[in-house]
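**Q** Here it is, the structure, as structure tokens.
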DNA sequence: CGGGACAACGTTTTT
DNA sequence: CGTTGTCCCG
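Numbering (our numbering), first residue to last: 31 to 694.
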């Protein structure tokens with residue numbers, strides 16, 4: 031007898047033909063699917079950690095393009111430019127190259143591009159220069175001195191504090207006086223002067239065509255608010271808007287979105303209220319809850335299934351966020367039921383903590399976990415200093431993200447200042463910097479010179495109108511000639527940079543003992559310049575998205591090899607690793623001491639710990655040194671972070687470190 | 001007035 | 001620990 035088998039799932043009939051090449055339904059869970067396929071009207075996606083937020087955005091970009099929406103009509107605003115590029119790259123991989131053409135970037139970079147196009151509408155006839163934090167401080171310092179506010183014996187706030195106050199006022203939409211009252215009551219007696227100085231600062235920026243980071247947002251909002259025609263045009267240009275990390279946006283950014291969407295309301299914002307970690311920058315996690323009020327008829331979608339972490343890791347994360355005073359909107363679950371219980375590791379001191387982390391990393395490496403799959407996270411940049419030494423000794427390659435900035439080093443800023451002058455001869459901040467580098471020129475002389483130049487109103491050619499005193503005449507002529515030869519020359523950007531570097535090299539050697547190292551940094555800057563054609567583009571990018579690795583890190587990257595990641599938690603946002611170490615999880619460092627000032631700040635620290643813990647897929651180690659060195663008190667005992675204290679052994683393995691000899 | 005030497009301070013996270 | 005402010009000399 032022959033057996034004839036009827037196959038169960040073979041159809042001569044094709045399944046219902048899809049209009050789309052991408053199997054959205056199969057690739058997404060129902061909530062994600064809804065978010066991806068609801069293309070019109072406002073949508074708020076509450077996306078828990080690891081719930082496929084990026085996936086959802088990526089698929090939605092592809093979907094829009096597949097539906098026939100021109101890529102240039104889609105605007106994707108993210109927290110870093112890298113995040114936007116990555117999403118568009120993935121969307122392109124799903125569908126096709128068109129997705130790369132979608133307009134994407136940060137709020138600041140978008141503002142920069144738009145404002146340059148409409149500069150004249152705001153009275154910035156010939157463009158503007160961007161002041162980074164340090165530049166802004168320099169301007170304030172200059173004005174403070176000019177106003178005679180920093181007389182000795184008087185306790186006037188430092189330039190850094192002043193800048194912080196102004197920025198906070200802008201970002202939180204509060205009067206300066208209010209910020210002083212709330213956060214710096216001890217400076218209330220200087221409130222009048224601070225207000226006056228603030229006015230001077232604004233005027234100065236306007237006169238000299240300068241914008242700081244906050245101005246980019248403020249001016250964009252003003253542009254949209256005061257020019258209905260521009261608002262209409264832009265809204266019609268960007269007919270589909272998506273905003274990532276919405277929990278970390280502030281009121282100004284919300285207003286901008288409101289204006290941009292005014293003609294269509296096609297806005298999808300994605301965020302997680304329990305991952306809001308930028309309150310210090312004016313972000314308010316309640317913003318995300320206000321979205322439906324801003325856009326009536328908002329569709330709310332919640333993504334609660336976590337695809338990233340194992341159950342034991344998620345249990346810790348839920349325990350941490352459960353300690354928050356504010357109640358949150360969702361509870362994460364996972365189907366990865368297995369997994370190793372996270373460990374709490376008490377090390378005798380910082381040194382031992384470093385030994386543990388590096389040794390454990392090497393073991394994981396042996397087990398076949400690539401260094402790329404491992405990250406060490408910390409609250410503040412300096413927490414990893416000791417570990418960095420140990421990693422260097424053991425030849426474990428790493429990149430450090432966050433904390434100190436290559437761009438902020440003096441020699442890089444020096445060279446950039448020369449370029450900034452070429453781009454904007456009214457940029458007095460850069461003039462100041464450039465002139466101070468010339469021998470025998472100090473603040474007073476510098477000011478005289480650039481007054482002379484700006485008053486001539488013939489741009490850089492105004493250098494010729496300066497009559498230098500013999501003291502500095504020779505060195506000044508050298509600068510003058512150099513700038514004159516570059517002004518209006520047909521050299522490419524990188525050639526200009528190289529030429530300037532030859533000019534700057536003697537100054538560098540005179541100024542710094544470690545000039546060979548710094549010269550290397552500058553070489554590296556030249557290789558970055560090669561990628562740009564326009565000076566303005568290069569300068570904007572350096573201000574808005576500066577490369578954040580130093581030259582040593584860059585060299586390591588050249589090998590395209592495995593690298594361990596060291597990162598501040600803020601810079602680790604949105605990323606994930608197989609194994610995560612959270613170091614220095616102790617009272618005073620994490621939460622930082624200052625957080626005790628207010629409940630809000632403490633809550634934010636807690637969310638920060640939550641963000642850190644939810645970066646881990648398989649392994650999570652929390653470590654803390656028992657003895658730490660405190661500058662005031664010397665060695666002091668420390669307690670583990672309150673955010674993880676008292677968690678049961680079942681949920682969190684407690685490890686103590688033992689010396690090899692002692693163990694025998 | 002510019003520049004170097006020295007003391008004091010306060011210390012997060014980032015566009 | 002590195003930056004910021006002050007003092008004093010050339």
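By construction, the Cβ of each residue, glycine as well, lies at the ideal position given by its N, Cα and C atoms.
(1) In whole angstroms, what separates the C-alpha of residue 522 from that of residue 157?
(2) Tell me, to the nearest whole angstrom, how far the beta carbon of residue 667 is from that of residue 656; I am working on the premise that it is less than 8 Å.
(3) Evaluate the contact criterion for the stretch 252-267 versus the stretch 157-177: three or more CB pairs, one atom per stretch, below 8 Å.
(4) Based on the DSSP output, what are the partners of residue 597 in its beta bridges?
(5) Keeping to the same chain, check which residues put their C-beta closer than 8 Å to that of residue 616; ignore five residues upstream and five downstream.
(6) Restricting to runs no shorter than 4 residues, where is the alpha helix (DSSP H) found entirely within the stretch 264-341?
(7) With a threshold of 7 Å on Cβ separation, who are the neighbours of residue 584 within its own chain once the five nearest residues in sequence on each side are excluded?
(8) When every heavy atom of the ligand MG is checked, does at least one fall within less than 7 Å of the C-beta of residue 309?
(9) Taking contact to mean at least 3 C-beta pairs separated by less than 8 Å, is the stretch 333-344 in contact with the stretch 310-323?
(10) Measuring CB to CB, does residue 592 end up less than 8 Å from residue 400?
(11) State the DSSP-derived secondary structure class of residue 420, mapped to helix, strand or coil.
(12) Look at the Cβ atom of residue 634, then the Cβ atom of residue 624, and state whether they are nearer than 8 Å.
(13) At the level of alpha carbons, what is the spacing between residue 342 and residue 613?
(14) Under the three-state reduction of DSSP, which class applies to residue 352: helix, strand or coil?
(15) Please report how far the alpha carbon of residue 412 lies from the alpha carbon of residue 376, in whole angstroms.
(16) Looking at C-beta atoms only, is the number of pairs between the stretch 132-145 and the stretch 291-298 that lie closer than 8 Å three or more?
(17) Considering residue 453, what are the terminal residues of the alpha helix (DSSP H) in which it resides?
(18) Measuring alpha carbon to alpha carbon, tell me which residue in 517, 73 and 682 is nearest residue 328.
(19) Name the DSSP bridge partner or partners of residue 134?
(20) Rounded to whole angstroms, what's the CA-CA distance from residue 192 to residue 219? Just pull it up for me.
(21) Suppose only complete runs of 4+ residues qualify. What are the alpha helix (DSSP H) ranges in the stretch 629-689, listed by chain order?
(22) Along the chain, where does the alpha helix (DSSP H) containing residue 378 start, and where does it finish?
(23) What's the C-alpha gap between residue 689 and residue 421?
(24) Secondary structure at residue 145, three-state DSSP: helix, strand or coil?
(25) How would you write the range of the alpha helix (DSSP H) that residue 195 sits in, first residue to last?
(26) Run through the stretch 533-562 for me and flag every whole alpha helix (DSSP H) of 4 or more residues, listed as ranges in chain order.
(27) Flag this pair as yes or no: are the beta carbons of residue 97 and residue 51 separated by less than 8 Å?
(28) I believe residue 277 touches residue 302 by the beta-carbon criterion, under 8 Å. Please report the beta-carbon distance rounded to the nearest angstrom.
(29) So the beta strand (DSSP E) residue 241 belongs to, where does it begin and stop?
(30) Nearest by alpha-carbon distance to residue 331: which of 681, 535, 60 and 446 is it?
(31) Specify the secondary structure class of residue 619 as computed by DSSP and reduced to three states.
(32) Determine the direct distance from the alpha carbon of residue 471 to that of residue 165, and round the result to whole angstroms.
(33) For residue 363, is the classification buried or exposed, using 16 other Cβ atoms within 10 angstroms of its Cβ as the cut-off for buried?
(34) Pick helix, strand or coil for residue 52, following the three-state DSSP scheme.
(35) Which word fits residue 167, buried or exposed, when buried means at least 16 other C-beta atoms lie within 10 angstroms of its C-beta?
(36) Can you name the residues that DSSP bridges to residue 161?
**A** With the given structure in hand:
(1) 21 Å
(2) 6 Å
(3) no
(4) In the DSSP output, where bridge partners are listed per residue, residue 597 has 407 and 431.
(5) 654, 655, 658, 668, 669, 670 and 671
(6) 281-290 and 316-324
(7) Note that residue 584 scores 46 on pLDDT, short of 50, meaning its location in the model is unreliable; the coordinates nonetheless yield the value given after this. Within the same chain, and ignoring the five residues on either side of residue 584 in sequence, the residues whose Cβ sits closer than 7 Å to its Cβ are 554.
(8) As for the ligand MG, it is missing from this structure, which has no ligand bound.
(9) Fewer than three pairs of CB atoms, one per stretch, sit closer than 8 Å, so the stretch 333-344 makes no contact with the stretch 310-323.
(10) yes
(11) helix
(12) no
(13) 19 Å
(14) helix
(15) Using only the alpha carbons, I get a separation of about 20 Å.
(16) Contact fails: fewer than three Cβ-Cβ distances are below 8 Å.
(17) 440-453
(18) 73
(19) Answer by DSSP bridge pairing, in chain order: 106.
(20) 14 Å
(21) Assignment of alpha helix (DSSP H) within the stretch 629-689, counting only whole runs of 4 or more residues, yields 629-643 in chain order.
(22) Not the alpha helix (DSSP H): residue 378 falls in the beta strand (DSSP E), residues 373-379.
(23) One C-alpha to the other measures close to 19 Å.
(24) Residue state, collapsed to three classes: helix.
(25) Element bounds for residue 195: 189-201.
(26) Fully enclosed alpha helix (DSSP H) runs of 4 or longer: 545-559.
(27) One thing to note: residue 97 has its Cβ no nearer than 8 Å to the Cβ of residue 51.
(28) At roughly 6 Å, the Cβ-Cβ gap stays under 8 Å, so residue 277 and residue 302 are in contact.
(29) Per DSSP, residue 241 belongs to the beta strand (DSSP E) from 240-242.
(30) 60
(31) If DSSP states are grouped into helix, strand and coil, residue 619 belongs with the strands.
(32) 20 Å
(33) exposed
(34) coil
(35) buried
(36) Bridge partners of residue 161: 242.
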